[in-house]
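Peer 1: Dropping the structure in here first, questions after.
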Ligand code: SF4
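This is the structure we're talking about:
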């Protein structure tokens, strides 16, 4: 798809059904009808960064912070495996309180006790740490670039650069991770041209997994007064990403389920083939408040959505479709 065509669909929401149907056909052709469930544990809401849109930002004093112990994370992962789920996603803010050894320990022990794939989503670390996590057994790494607009990236992420973000994605690939990235749709000041460039950048990176979420405001951030991302625009982008990247794993994200009560179902019908049920323990999950009114996707909710969409739950790990795993 050329840039002009992508922009045309972004600018013309009444044409959504055309891209949705094409995306659904391509999803069927490249990924089939199965949906992969990835169990997520949000194990720490501490973060040393200060991203403008995120409730976990360092300067937010209106949040009760928590950290799960290494043992708690391992035990929770074992529970996820006992339900037959084949991937655990370990997510946190950029929390350097967990040393490289701590993360390796968690990965190692989960690998010893289960046959699950492990996805890490713990932000920016030293290159040597990415290598250590991989050697410990981590299979995949998620690191969204959020926007391809270099100037806007700096505004959104004080002290961070898009250049380093993209460099890390390259390093992760070199260390043989299955790599996930993605971006936010509907950020204040974001243009359709920015979204189009994001989609084109994805084609260049050729990630194994792509996470796309609408902007959802959070009351304790500088962006608290901006409207949430639009569902049709979000699904249009999702469909366009499916069309342009073909055999990528694309989740129906929690943020999509947050802005629209049928969002997960609609996302599955617009190109998505993954759902990530939330296994963060009840006592912590309400404080993983990256944005307001975040829904918690339970395993039952995920199963219902898959069934209602006329699809079935995959019994495989759902490794990358790109590199012959
Ligand atoms: S978006 Fe990520 S890095 Fe930024 S403040 Fe939130 S948790 Fe931290």
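Numbering (the working numbering), first residue to last: 3 to 327. The C-beta atom is built at its ideal place from N, Cα and C for all residues, glycine as well.
So who's on the other strand from residue 216, going by DSSP bridges?
Peer 2: Bridge partners of residue 216: 187.
Peer 1: Please report how far the alpha carbon of residue 16 lies from the alpha carbon of residue 66, in whole angstroms.
Peer 2: Residue 16 and residue 66: Cα-Cα distance of roughly 43 Å.
Peer 1: Where the beta carbon is closer than 5 Å to any heavy atom of the ligand SF4, which residues qualify, in chain order?
Peer 2: Cβ atoms closer than 5 Å to the ligand SF4 belong to 49, 51, 53, 56, 58, 59, 95, 96.
Peer 1: Return the CA-CA distance between residue 129 and residue 161, expressed in angstroms with no decimal places.
Peer 2: Near 18 Å, if we compare the C-alpha coordinates of residue 161 and residue 129.
Peer 1: Restricting to runs no shorter than 4 residues, where is the alpha helix (DSSP H) found entirely within the stretch 122-154?
Peer 2: For the stretch 122-154, whole alpha helix (DSSP H) runs of length 4 or above, ordered along the chain, are 129-138.
Peer 1: Quick one, which of 25, 164, 283, 312 has its alpha-carbon nearest residue 267's?
Peer 2: Closest option to residue 267, Cα to Cα, is 312.
Peer 1: So residue 46 is in the beta strand (DSSP E); what residue range does that whole segment cover?
Peer 2: Residue 46 -> beta strand (DSSP E) spans 41-46.
Peer 1: Using alpha carbons as the reference points, say which of 325, 321, 316 lies closest to residue 35.
Peer 2: Comparing Cα positions, the closest option is 316.
Peer 1: Looking at the structure shown, is residue 303 part of a helix, part of a strand, or coil, going by DSSP?
Peer 2: Here residue 303 sits in helix by DSSP.
Peer 1: Taking residue 119 as the reference, give the member of 38, 171, 218, 12 with the closest Cα.
Peer 2: For residue 119, the nearest C-alpha among the options comes from 38.
Peer 1: Among 41, 203, 176, which residue has its Cα nearest to the Cα of residue 146?
Peer 2: Nearest of 41, 203, 176 to residue 146, Cα basis: 203.
Peer 1: Within 10 Å of its beta-carbon, does residue 141 have 16 or more other beta-carbons around it, so buried, or fewer, so exposed?
Peer 2: It counts as buried.
Peer 1: Is it buried or exposed for residue 4, if we count other Cβ within 10 angstroms and need 16 for buried?
Peer 2: The residue in question, residue 4, is exposed, as its Cβ has fewer than 16 Cβ neighbours within 10 Å.
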